[in-house]
Amino acid sequence: MKQFIAKFALVVKDYDEAIAFYIHKLGFMLLEDTRMSDTKRWVRIAPPGYEYGQCEILLAKAADENQAKAIGNQSGGRVFLFLYTDDIARDYQNLIEQKIKIIRPLSTESYGTVAVFADLYGNLWDLIQPI
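As structure tokens, this is what we get:
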């Protein structure tokens with residue numbers, strides 16, 4: 000049997016503000032934005048360079064107070080997402096130019112060069128250029 004993670008849900012406050020951040024600030028691709036009902040949409044995004052079959056992010060608007068509590072803290076304050084890049088200098092400069100909050104500046108680690116940033120809700124991301 001072969002298995003893989005196709006997508007995961009990222010709980011957001013608002014579809015349009017999340018799309019604006021990920022597409023216009025981080026340069027992600029909008030794969031799909033389908034209205035399912037008056038309050039629910041199926042919004043799929045992926046980083047640049049995405050190829051069919053790779054992991055996607057599903058932006059999921061919080062539907063109630065309990066889900067809203069998870070916005071920006073889906074991993075309890077730890078780094079939640081790991082974004083690999085082939086050019087960390089370029090992507091780190093984009094974070095700065097887009098005024099995205101840098102939590103930890105570039106550093107060299109045994110596994111590569113890494114920086115930590117926060118998305119629009121405060122979820123922490125590692126931006127990594129592996130060795």
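Numbering (numbering that gives the first Met the number 0), first residue to last: 0 to 130. Glycine included, C-beta positions come from ideal geometry on N, C-alpha and C. Please read these numbers as outputs of a predicted model, since none were measured by experiment.
- Spanning the alpha carbons of Y83 and V42 requires a straight line of approximately 22 Å.
- Bounds of the alpha helix (DSSP H) holding E96 are I87 to E96.
- Per DSSP, reduced to three states, the secondary structure at A8 is strand.
- Within 10 angstroms of the beta-carbon of E55 lie 16 or more other beta-carbons, which makes it buried.
- The beta carbon of T112 lies closer than 8 Å to those of I87, L105, S106, I127 and Q128 in the same chain, with the five residues before and after it left out.
- Counting only the Cα atoms, G71 lies some 14 Å from I102.
- Using a 10 angstroms sphere on the CB of A17, the tally of other CB atoms reaches 16 or more, which defines it as buried.
- According to DSSP, residue pairing for M28 in a beta bridge involves A45.
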